[in-house]
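Order-wise, the sequence lines are chains A and B.
Each residue of the first sequence is one higher than the last, beginning at -14 in our numbering.
Each residue of the second sequence is one higher than the last, beginning at 67 in our numbering.
For reference, the structure discussed in these notes is given below.
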Amino acid sequence: MTDKLSLQDIILTLQQYWAKQGANLMQAYDNEVGAGTQSPYTFLRANGPEPWHAAYVQPSRRPADGRYGDNPNRLFQHHQFQVVMKPSPVNIQELYLGSLEALGIKPLEHDIRFVEDNWENPSMGAAGIGWEVWLDGMEVTQFTYFQQVGGIEVDSVTAEVTYGLERLASYIQDVPTVYDLEWGNGVLYGDIFKEPEFEHSTYAFEASDQEMLLRHFDEFEAEATRLLGLGLVHPAYDYILKSSHTFNLLDARGTVSVTERAGYLHRIRTMARQVSKVFIEERAKLGFPLLKDAELRDKYLGDNGKYAVKDAENAR
Amino acid sequence: MSTFLLEIGLEEVPAHLVTPSEAQLVARTEAFLAEHRLTVGEIKPFSTPRRLAVQLLDVAAESEALSEEKRGPSLDRAKDEAGNWTKAAQGFARGQGATPDDFVARDGYVWLTKATPGVPAAEILSHIGEEVVAQMKFTTYMKWANHAFLYVRPIRWLVALLDAEVIDFNILEVSTNRVTRGHRFLSDENVVIDNANAYAETLKAAFVLADADERRATIRKQLSTIAQDNGWVLQLDSDKSQDLLEEVNNIVEWPTAFTGGFDEKYLAVPDEVLMTSMREHQRFFYVTDEAGHLLPHFLSVRNGDAAHLDNVIAGNEKVLVARLEDAAFFYHEDQQKTIADSMAKVEKLVFHEKIGSVYEHMQRVGQLAAVLADQLQFNATQKADLARAAEIYKFDLMTGMVGEFDELQGVMGEHYAKLFGENAAVAAAVKEHYMPTSATGDVAQSDVGAVLAIADKLDTIVTFFSADLVPSGSNDPYGLRRAATGIVRTLQEKQWRVALTPIIADFIAHTGAVTSQADQAEIGRFILDRVRKLALDAGVRQDLVAAGTVNVVNLDVVYIAQRVQTLAQHATDDNFREVIEALTRVARLAVKFDTDAKVDPALFENAAETALYEATQSLDLHTLVLSGSEAMYQALANLQAPIAAYFDVTMVNAADEAVKTNRYAQLHMINHLLVGLGDLEKIVIK
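As structure tokens, then:
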């Protein structure tokens, strides 16, 4: 490759490409998440029978992976380019390969393989079947068909394609560490992120106020649970995400004891299950507005449908 | 004769499922053909990551026709007095799809000849979709799009051709066609197969080697050639190399082997790390020199041709070097720390959320190991080594290397323990406590390592049972069955005669809440089940296994396994039947009259009683068990003649109550010895 794509060129190319394939470009979710999957544009929308096609960049925070900006690949916060297509299209693999070509990666000049890798996130009650995609031996993408979300078997399968942007860019730009990547216009990744990486690592491992975090976890959980009771799905989900991130900070600090750790994960899982259920209920009340197919509408909302509103009062 | 082709086009199937799925497709096709009585000359299987296929050669034009005679009612019941067909006769005809006019009278009955004509092959084969393809079972399933149908991976195309004719059927929205897909990149999307007999050639022209054996042979040859040309030694026949070859074979459709290298400086990293990086992480084959030393080169296989191979090599080298760089870094960093540093972190490591930390697990294991060491009369050095090993044996989990390469747990433990100045026995035990790592894997060699391995597994089983995390059906997420098998195999290999029941009971009683809910009897049964499984797997008759594995008293598994073998060895003796019959006759009679009286020779009335008494006088159950099951069997087998003689002349139920009681007392005395062989009544005498 002669003209090496900058990281922002890669983002722009992927956005353009997937927009053409019918994905709606969302913006990164404005709440701390550990992965693009946790964005409501994936996690919530993967529930229920409604179609959904979206693509977005998601900065993803993993406090325990912080390395003070010293490690060439490990980061407190990395960037994922997330694509979700629901229901999964018949040619999703070909669409994905097309995106690599759009990035200038010609399959005939490389070795591209789909290697089995099933994905599971027990704390969010989510599991899927799929592959990691190897490009000349390097894992550049995670490819998953969601089977279960929030502990609920999905009605319509979402195909999730998650590109690790730093990895992909490292491959394309052929640089030794992520900090040497060009973000754009000659500005390096390190120029932007090295200092925050150091500071966030210091914060997560040494400086966080544990008492505050413990207190916040309890408060966020209580708020999420209260909001779920009110059917306020999205605000509730925000507080679940906050709980999850707060737990990750506590965990990175190493202050959560063995038994407590299990307890916290269980509490997050319980909320994740709850929110998936309430999300579907609320969408059903709205009549699944994104579901246009008449046959499927009947299957889910008809008199004998899975989500038929039995009570005439509620139907109004 | 015709040829039929069935190809299931799939998104990439997990490598480890390709070969078993191919075999399953053949088996299901065979059963399908047999059921429809359609004969074929041969079934040729094909498989790649993207397709499972069978080619049926010499397919008969139609299924075999059948002609069956069915007997109806007797003639006197078939017609009434007026000579009309009775209801019974009419019903019989109707049931066979005929009328009474078709009846033939013979031997006093009415008969119908039912002819099932042959069905054309094309019609039968149109059912292969629902009856074979859709019936396939897998160990992992998924659904896709809006379908509820479950399969190993999404079905993307189907080919069904009888010679040049498409056989129509569909699964979900996929209809059969003559169009397959070639290699993802080297070929066009749509490849037309003109005739079922042209399958392999058509795909070969589209850069797919569909015959898995041919593909494997090609890879083997390519790899060997590169190794030979460079003067490297490449091991392709070890179990691990075979597994890797199998996996590589099932992730490529058009293999091209290549070689790459890495800087010699990484050879300073332990061999196991380099081998793991190459083999497990990158699916590379490593090479050595004649002396067996690793070389800084690797072999791999691309799914494609040789064009632009330099890109592929460079990319793979870069990934490997990044891993080795990490490994070198961890290797250096880990050596800056001490075992105590790592152990401080182990205190926070979760063993299981319901049970507690790994550190607590280690402490319990240390106590359990000490109990075993006492029973096995370890010397002071061994006890000291065991105590030290038990203190540290999980420390490597907290090293950077094992954090990155978790499959090297134990291996790095031994390596680092030596570097940190532990003696060889302690270091070996750190590694050996994981053994055996598979059903047939080697067990721990050293005594210290073996005791640690047994204690580690026993604590795991007891605490998990206590937490109600018990395996059910095929579901054993914590590998408890494997742990129990490991205990049995290690004890057997070491020939350690240990009574497990009191050890387990004592452990449950004195280890606090973490074991208090465990049911000692249930755990005993669980371990015993593994003894049974091992014997059955070794080919021992089921009734002998059943006989030898009851009445186990203190769960000395070495003795239990041994006596099953003893029974199996003697089952072919000429006198086995006589021996077992004599002994079980005693057992069956004894239970009919309960007494705890002592045998009184003064009450004997015949010489046979005295002879039998004298034959048993010197036998002591406890002593016999300790001397082993062969001695036990011989001692009891020697009683056959005196018992037979005894029953020839002795009525056990004598009229005199005192004599009767005395006779039962003698039977009980013998019966008491019989439990040394289990329960002989379970043996099936043919």
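Ideal placement from N, C-alpha and C gives every residue a C-beta, glycine not left out.
Chain A contact for residue i (CB, 8 Å cutoff)
i	result
asparagine 369 of chain B	yes
proline 111 of chain B	no
glutamine 348 of chain B	yes
phenylalanine 70 of chain B	no
glutamate 312 of chain B	no
tryptophan 320 of chain B	no
leucine 302 of chain B	no
valine 385 of chain B	yes
glycine 327 of chain B	no
tryptophan 562 of chain B	no
phenylalanine 659 of chain B	no
Residue-chain proximity (residue i, chain B), Cβ-Cβ < 8 Å
i	result
methionine 256 of chain A	no
phenylalanine 99 of chain A	yes
leucine 150 of chain A	no
threonine -13 of chain A	Bear in mind that a pLDDT of 46 at threonine -13 of chain A, under 50, signals an unreliable position, so the number given afterwards is only what the model happens to contain. So, not an interface residue.
alanine 247 of chain A	yes
methionine 109 of chain A	no
tryptophan 3 of chain A	no
tryptophan 104 of chain A	no
methionine 123 of chain A	yes
glutamine -7 of chain A	no
Closer than 7 Å: residue i CB and nearest the ligand MN heavy atom
i	result
methionine 409 of chain B	With respect to the ligand MN, the structure shown offers nothing to examine, as it has no ligands at all.
Closest residue to residue i among the options (Cα-Cα distance)
i	options	result
valine 92 of chain B	B:Asp392, B:Glu77, B:Ile109 and B:Val378	B:Ile109
isoleucine 761 of chain B	B:Ala148, B:Met735 and B:Glu130	Residue 761 of chain B lies beyond the range of chain B shown here (67 to 752); nothing can be said about it.
aspartate 121 of chain A	B:Phe364, B:Gly381, B:Asp309 and B:Asp295	B:Gly381
phenylalanine 350 of chain B	B:Glu312, B:Asp407 and B:Ala334	B:Glu312
tyrosine 174 of chain A	A:Arg152, A:Gln132, A:Tyr188 and A:Tyr14	A:Arg152
valine 437 of chain B	B:His738, B:Ala155 and B:Leu518	B:Leu518
aspartate 639 of chain B	B:Ala703, B:Lys658 and B:Glu680	B:Ala703
leucine 213 of chain A	A:Ile265, A:Val139 and A:His201	A:Ile265
glutamine 259 of chain A	A:Ala111, A:Met123, A:Ser155 and A:Leu286	A:Ala111
Under the three-state DSSP convention, the category residue i falls into
i	result
leucine 29 of chain A	coil
tyrosine 352 of chain B	strand
glutamine 301 of chain B	coil
tryptophan 104 of chain A	strand
leucine -10 of chain A	coil
glutamate 138 of chain A	strand
asparagine 382 of chain B	helix
glycine 487 of chain B	coil
arginine 729 of chain B	helix
proline 183 of chain B	coil
arginine 654 of chain B	helix
tyrosine 14 of chain A	coil
methionine 202 of chain B	coil
lysine 291 of chain A	coil
arginine 258 of chain A	helix
glutamine 43 of chain A	strand
Assigned exposure category for residue i - 16 Cβ within 10 Å defines buried
i	result
serine 684 of chain B	exposed
serine 504 of chain B	exposed
threonine 291 of chain B	exposed
arginine 301 of chain A	Low local confidence applies: a pLDDT of 42 at arginine 301 of chain A is under 50, so the model's placement there is unreliable, and no value is given.
histidine 481 of chain B	buried
tyrosine 699 of chain B	buried
leucine 743 of chain B	buried
tyrosine 207 of chain B	exposed
histidine 64 of chain A	buried
valine 179 of chain B	With the sequence shown as reference, residue 179 of chain B is identified as threonine, and valine is not the correct amino acid for it. Exposed, since its Cβ has fewer than 16 Cβ neighbours within 10 Å.
leucine 692 of chain B	exposed
Neighbour list for residue i in chain D, Cβ cutoff strictly below 7 Å
i	result
alanine 406 of chain B	The question asks about chain D, but that chain is absent: this structure's protein chains are A and B.
Taking the runs of the beta strand (DSSP E) that are 3 residues or longer, which of them lie wholly in the segment 391 to 436 of chain B? 416 to 418
What runs of the alpha helix (DSSP H), each 4 residues or longer, lie entirely inside the segment 179 to 249 of chain A? 195 to 214 and 218 to 238
Go through the segment 550 to 587 of chain B residue by residue and report every complete run of the alpha helix (DSSP H) that reaches 4 residues or more, in order. 566 to 575 and 579 to 582
Ignoring anything shorter than 3 residues or poking outside the segment 59 to 140 of chain A, list the beta strand (DSSP E) runs there in chain order. 62 to 71, 97 to 101, 104 to 106, 111 to 120 and 123 to 134
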